[in-house]
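Enquirer: Chains A and B, in that order, give the protein sequences. Counting from 1, one number per residue, gives the positions in the first sequence under my numbering. Counting from 440, one number per residue, gives the positions in the second sequence under my numbering.
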Amino acid sequence: MFNKKWTVLLLTLCLALVAAGCGSNNSSTGDSGNGGSEGDKVTVNFMHLWPAGVSAGQNKIVNQIIEEYQKENPNVTIKQEVLDNEQYKNKLKVLSASNELPDVGVTWAAGFLKPYVEGNLFAPVDDLLEGQLNGKFVAGTTEAYAIDSKTYALPLEFNIAPVYYNKAIFEQLNLEVPQTYEEFKTIVKTLSDNGIAPIALGNKDRWTGSLWYMYLADRIGGQEALANAISGAGSFKDESLVKAAAEVQSLVDSNAFVKGFNGLSNEEAKSEFLNNKAAMYMMGTWELPNFTTNEEIPKEFRDSVGFFKFPTVEGGKGDINSWVGGPGVGLFIGENSKVKEESKKFVEYFVTKWGEQSVTGAGVIPATKVDTSTLELPQLYIDLFDEMNQASSITLFADVQMEANAAETHLNMIQALFGKAVTPEKFSEEHDAAITKGK
Amino acid sequence: MDKVMSNKKIIALYVLPALLVIMAVVYIPIILTAYYGLNEWNGIGAMTFIGLDNYQALLTDGKFWDSAWHSLLLAVFSAASLIIYLAVAMVLASKIKGANLFRKIYLIPMLLSSVAIAQLWLRIYHPTNGIVNSFLESIGISNPPAWLAEPSLVLFALFIPILWQYAGFYILIYYAALKNIPASLVEAAKIDGATSMQIAFRIKLPLIMEVIKVTIVLAVVGSLKYFDLIFVMTDGGPNGSSEVMASYMYHTAFRAYDFGYGSAIGFFLLVICLIVTWVIRKLTASKETIQYS
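#1: Please check the pair A/Ala109 and A/Gly326, which I expect to be a contact at CB under 8 angstroms, by giving their CB distance rounded to whole angstroms.
#2: According to the neighbour-count rule (16 or more other Cβ atoms, all chains shown, within 10 Å of its Cβ), is A/Gln415 buried or exposed?
#3: Which one of A/Leu380, A/Leu216, A/Pro102 and A/Glu81 has the shortest CA to CA distance from A/Val62?
#4: Between A/Pro198 and chain B, is the shortest Cβ-Cβ distance under 9 angstroms, so that the two count as touching?
#5: Under a Cβ-count criterion, where at least 16 other Cβ atoms within 10 Å of its own Cβ denotes burial, should A/Ser28 be classed as buried or exposed?
#6: Distance cutoff 9 angstroms, beta carbons only. Does B/Thr567 sit that close to anything in chain E?
#7: Helix, strand or coil for A/Ala52 per DSSP?
#8: Label A/Gly172 either buried or exposed according to how many other C-beta atoms from any shown protein chain fall within 10 Å of its C-beta, with 16 as the threshold for buried.
#9: Please name the residue, chosen from A/Thr360, A/Thr368, A/Ala367 and A/Pro366, that lies closest to A/Thr374 on a Cα-to-Cα basis.
#10: Name the chain B residues whose beta carbon is nearer than 9 angstroms to that of A/Tyr349?
#11: Measuring only between beta-carbons, confirm whether A/Phe454 sits less than 9 angstroms from chain B.
#12: Taking only runs of the alpha helix (DSSP H) that begin and end inside the region 562–634 of chain B, which ones reach a length of at least 4 residues, in chain order?
#13: Would you report the Cα separation of A/Lys317 and A/Asp218, rounded to the nearest angstrom?
#14: Return no unless some Cβ of chain B is closer than 9 angstroms to the Cβ of A/Met415.
#15: For B/Pro621, is the classification buried or exposed, using 16 other Cβ atoms within 10 angstroms of its Cβ as the cut-off for buried?
#16: Taking only runs that begin and end inside the region 235–292 of chain A, name each unbroken alpha helix (DSSP H) of 4 or more residues, in chain order.
#17: Tell whether a beta-carbon distance below 9 angstroms holds between A/Glu342 and A/Val42.
#18: I need the straight-line Cα distance from A/Lys345 to A/Asp127, nearest angstrom please.
#19: Report the CB separation of B/Lys664 from B/Cys712 in whole angstroms; it is logged as a contact under 8 angstroms.
#20: Who are A/Glu130's beta bridge partners in DSSP?
#21: Please confirm if the region 239–254 of chain A is in contact with the region 535–548 of chain B, defined as three or more CB-CB distances below 8 angstroms between the two stretches.
#22: Between A/Val248 and chain B, is there a C-beta pair that is closer than 9 angstroms?
#23: What residues in the region 481–513 of chain B have a beta carbon less than 7 angstroms from any beta carbon of chain A?
#24: Between which two residues does the alpha helix (DSSP H) containing A/Val347 stretch?
#25: Curious, which full-length alpha helix (DSSP H) runs of at least 4 residues does the region 449–507 of chain B contain?
#26: Less than 9 angstroms between the beta carbons of A/Val347 and A/Ile333, yes or no?
#27: Taking Cβ-Cβ distances below 9 angstroms as the criterion, which residues of the region 697–725 of chain B are in contact with chain A?
#28: Determine, using beta carbons only, whether B/Val593 comes closer than 9 angstroms to chain A.
#29: Check each candidate in A/Ile220, A/Ser149, A/Gln132 and A/Thr208 and name the one with the smallest Cα separation from A/Glu268.
#30: Note down, in chain order, each residue of its chain lying with its Cβ closer than 7 angstroms to the Cβ of A/Val370, except the 5 sequence neighbours on either side.
#31: Determine the contact status of A/Tyr277 and A/Ala398, defining contact as a CB-CB distance below 9 angstroms.
#32: Within 9 angstroms (strictly less), CB to CB, does A/Glu130 reach chain B?
#33: Whole angstroms is fine: what's the gap from B/Ala692's alpha carbon to B/Ile483's?
#34: According to DSSP, what are the bridge partners of A/Gln80?
#35: Would you report the Cα separation of B/Ser552 and B/Gln558, rounded to the nearest angstrom?
#36: Select from the region 69–91 of chain A all residues with a C-beta closer than 9 angstroms to any C-beta belonging to chain B, and list them in chain order.
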């Protein structure tokens, strides 16, 4: 705790310095007498989570867009504040409690968004959606940010979660991409018998395991059973969903996941996959750059990464083209912002430019429609992009969909399920209880 | 000067700035926390006053008592490890060769940030490439446990870096206290024919008793509100088997967005720490302070 206090203190100090710096800057340009010809000077505060160190590609694009925007609108200054993912979430929380949210910031969909909307902190952006941006978004993306038929943020990314696999390892053991869950289990067994960890999973982070459960639930019970259970219209006690939970445990029993997965973070698990120690890794398409363009990862490895769709389960209701995924982060505008109009304009500009640049610059899949045929892109990217367009349905990540309290129960239960600390029945009961309580 | 210092107004003037700061950053937040604990609040919207419901729920919350048990275990281990630190400090203080170097070596973990220590030990405990398991495998243990993923082991696996982290701090305190003992006392005892064991137990220990009492309180209270390494290394998992009171508070407030309940836990934690401190002071109170001069 002590450390944290100091970090916050230092941060505040830095902010104060930055603010002071900007202040004097503004007044000096004011003195030089630009006059009122360009309109009043406006500063838009923009808080985001792409630090140059962790998300180099995204960071570059953000800076590029801001630079261009400032050139086109010389009276606007965009002031950035960059934080790491988890820190960002905490800071947003603290700022909202004291009603000091930035003018423009990054948010997640559904459950995360809800308390902010209920607290009247985010401005609706429906006017933007009906204006220039009309029809530009991939279907189903903006809906995740809508509450009571009003949309409160504009999505930037769109992700689905395939199973990536190491082609070299598969070839070595004469394995083929599985079409059915039975084949998948055979692959797991073969890999395990040959001393290779079949699946890299960092379940300390819990949402990683949730992906596996969600796919099994989807393939066994069908997309609707899962969606209804999460929304509270159905139940997790549905036979097929309990069966999915039991299936997770039988995967654990067959040593499908890396050793100690419940104590490993996603990053640690990923490095098992990157170091050829695990053969498969289920993760969102945000990892694509690491398997395509990221120079820091050996080309030999990047070339040997393929992906497959989660196989169908015999007798299950699920469709192989049904995906787990959803929009990643989106941009919100502070309801109490003093420069709301300027902020809206900036967001509109940002979203459009982001769509054009993030494909090539960062290798992520944007939420806006892109024509990939004119761009030169890695094959893996194009294949996944096409899969996404053929998707029969996309179920939003469970922990994003649920309200914070229920999501926390879900994630804890996932870890317990994988760790065999609860039975599938208990797992389902706890879920239903948490979801009913949240209503 | 004496005149100035006896002027009540001047005293007030000197004390005031520090008092205001400590009020603003410590006491007022504590009172506010207690108040938030009386409300249902998600941290953003409006608060609803619900009286003592949160505190009542806390008393029957199995997860909270589990975390309290883990914190208590940590406190017991920290307090017990003080004996080792004391022994090390005694050896270092008795003019052995290289004492200076060792003192610095023991202190180094103190200088590292908790996050760095956590990262270091995450690698040490890594289930397949970690130094611990590599070693165990090399001496023929075929399937060493995944230390941080095994609910029955994880808590003890975490205790080791936590105790290691603070070793230097306590050794330094004991070392300083032992160095404060006048050499004449020890020499006099030697002349009277006391063995080094007798010197340690009959002369040195009683003389630094006050310091030992303080360190016990520090170790126990520090353990009860411990957070850093656990947060980074396991995040309370797996299945809550390494959850301590402070991490449970954090998860409730910042993950589940239940700030009212989280605040109640925070305030309760404070109350527990106060009670424990008071009990320790009572138990260790001695009627007379020993002096040999």
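We put the beta carbon where it would ideally sit given N, CA and C, even for glycine.
Expert: Let's see:
#1: The pair is a contact, with the Cβ atoms about 6 angstroms apart (cut-off 8 angstroms).
#2: Buried.
#3: A/Glu81
#4: No, A/Pro198 does not count as interfacial toward chain B.
#5: Low confidence applies here, because A/Ser28 scores a pLDDT of 35, under 50, leaving its location unreliable; read the following figure in that light. When all chains shown are included, A/Ser28 counts as exposed.
#6: No chain E is part of this structure, whose protein chains are labelled A and B.
#7: coil
#8: The displayed chain sequence assigns Gln, not Gly, to residue 172 of chain A. The residue is exposed, with fewer than 16 neighbouring Cβ atoms inside 10 Å.
#9: A/Thr360
#10: Result: empty, since nearest Cβ-Cβ is about 28 angstroms, beyond 9 angstroms.
#11: Residue 454 of chain A is absent from the structure shown; chain A starts at 1 and stops at 439.
#12: 570–577, 593–618 and 622–630
#13: 8 angstroms
#14: Note that residue 415 of chain A is Gln in the sequence shown, not Met. For A/Gln415, the answer is yes, since a Cβ of chain B falls inside 9 angstroms of its Cβ.
#15: Flag for B/Pro621 reads exposed.
#16: The region 235–292 of chain A contains these whole alpha helix (DSSP H) runs: 239–253, 266–274 and 288–292.
#17: Their beta carbons are under 9 angstroms apart, which means A/Glu342 touches A/Val42 by this criterion.
#18: The alpha-carbon of A/Lys345 is positioned some 11 angstroms away from that of A/Asp127.
#19: B/Lys664 to B/Cys712, Cβ: 6 angstroms. Contact.
#20: Per DSSP, none; premise fails for A/Glu130.
#21: no
#22: no
#23: Taking 7 angstroms as the Cβ-Cβ cut-off, the region 481–513 of chain B approaches chain A at Asn481, Gly482, Ile483 and Gly484, given in chain order.
#24: Lys340 to Gly361
#25: 467–475 and 492–498
#26: yes
#27: Of all residues in the region 697–725 of chain B, Asp697 and Phe698 have a Cβ within less than 9 angstroms of some Cβ in chain A.
#28: yes
#29: The residue with the shortest Cα to Cα distance from A/Glu268 is A/Thr208.
#30: Gly355 and Val359
#31: Note that residue 277 of chain A is Lys in the sequence shown, not Tyr. Cβ distance not < 9 angstroms, so A/Lys277 and A/Ala398 don't count as in contact.
#32: With a threshold of 9 angstroms between beta carbons, A/Glu130 makes no contact with chain B.
#33: Computed Cα separation, rounded: 11 angstroms.
#34: By DSSP's assignment, A/Gln80 forms a beta bridge with A/Phe46.
#35: Between B/Ser552 and B/Gln558, the alpha-carbon positions lie close to 10 angstroms from each other.
#36: Taking 9 angstroms as the cut-off between beta carbons, the residues of the region 69–91 of chain A near chain B are Lys89 and Asn90, in sequence order.
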